[in-house]
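Q: Dropping the structure in here first, questions after.
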Amino acid sequence: MTLRPIRMRDQRAWREVNRRNREWLRPWEATVPPAPPGHMVQRPTYRQMVRHLRHEAHAGRMLPFVVEYEGRLAGQLTVAGITWGSMCSAHIGYWVDQAVAGRGVMPTAVALAVDHCFRNVGLHRVEVCIRPENAPSRRVVEKLGFREEGLRPRYLHIDGAWRDHLVFALTADEVPEGMVTRWHRGRPRPDVPHK
Numbered sequence: 001m002t003l004r005p006i007r008m009r010d011q012r013a014w015r016e017v018n019r020r021n022r023e024w025l026r027p028w029e030a031t032v033p034p035a036p037p038g039h040m041v042q043r044p045t046y047r048q049m050v051r052h053l054r055h056e057a058h059a060g061r062m063l064p065f066v067v068e069y070e071g072r073l074a075g076q077l078t079v080a081g082i083t084w085g086s087m088c089s090a091h092i093g094y095w096v097d098q099a100v101a102g103r104g105v106m107p108t109a110v111a112l113a114v115d116h117c118f119r120n121v122g123l124h125r126v127e128v129c130i131r132p133e134n135a136p137s138r139r140v141v142e143k144l145g146f147r148e149e150g151l152r153p154r155y156l157h158i159d160g161a162w163r164d165h166l167v168f169a170l171t172a173d174e175v176p177e178g179m180v181t182r183w184h185r186g187r188p189r190p191d192v193p194h195k
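Residue 152 in full-length UniProt numbering sits at position 152 of the sequence shown, with consecutive numbering throughout.
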């Protein structure tokens, strides 16, 4: 499993995975609220999306990644809303190809991103906001030991409406050993039968 910056040349693979997973991702993917009368909102093209992500990355506000599994694009992870000063925090959003869900791909990707944010970028806090109904995404943060902090009512526009989100968070001092170490230490070993 690899986490690396998103590239323009990922377009074909990204579109194929996104198209194949459209119905599976639809209930969890952010949407744009309806525009005021007389205005039109268009979904950005892949190239526009990557340009925006790169611009935000160069400004120090975002870290856009793709997730590769066994050499193939398997999802996307974005560290966004990077805030400096007295806060030093960010939030993480992600999606994964349903074909590889349940194999530890996304927990590993989130663990790598958190370690990068804490050890290399210098952030103090990372949070993940998840719809309460999104059991697979909740399992990711629960496996990694994120702390549940509460509910944000009507937090994000998802699938055509404003949706509540649960907030999960970690601070750098809660994982001095690093997230990847914590994740691997907590996973069952293949040679040990588990119940």
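Every residue gets a Cβ at the ideal spot worked out from N, C-alpha and C, and that includes glycine.
Every value quoted in this text rests on a predicted model; they were computed, and no experiment measured them.
Following a CB-centred definition, is R139 positioned closer than 7 Å to any heavy atom of the ligand ZN?
A: Annotation note on the ligand ZN: not contained in the displayed structure, which lists no ligands.
Q: Would a C-beta distance cut-off of 8 Å place V79 and L63 closer than the cut-off?
A: For V79 and L63, yes; Cβs fall inside 8 Å.
Q: Given a cut-off of 8 Å, decide if V67 and V128 are closer than it, judged by their beta-carbon atoms.
A: No, the Cβ-Cβ distance between V128 and V67 is not below 8 Å.
Q: In terms of residues, what are the limits of the beta strand (DSSP E) holding S89?
A: Here the beta strand (DSSP E) through S89 covers 89–96.
Q: Can you give, in chain order, each stretch of the beta strand (DSSP E) that sits fully within the segment 47–73 and has at least 3 residues?
A: If we require 3 residues or more, the beta strand (DSSP E) runs fully inside the segment 47–73 come out as 63–69.
Q: What is the DSSP secondary structure of W162, reduced to helix, strand or coil?
A: Reduced to three states, the DSSP call for W162 is strand.
Q: With a threshold of 7 Å on Cβ separation, who are the neighbours of P107 within its own chain once the five nearest residues in sequence on each side are excluded?
A: The answer, listed in chain order, is V140, K143, L144, W183.
Q: Counting along the chain, where does the beta strand (DSSP E) carrying R4 start and finish?
A: Start and end: 2–5.
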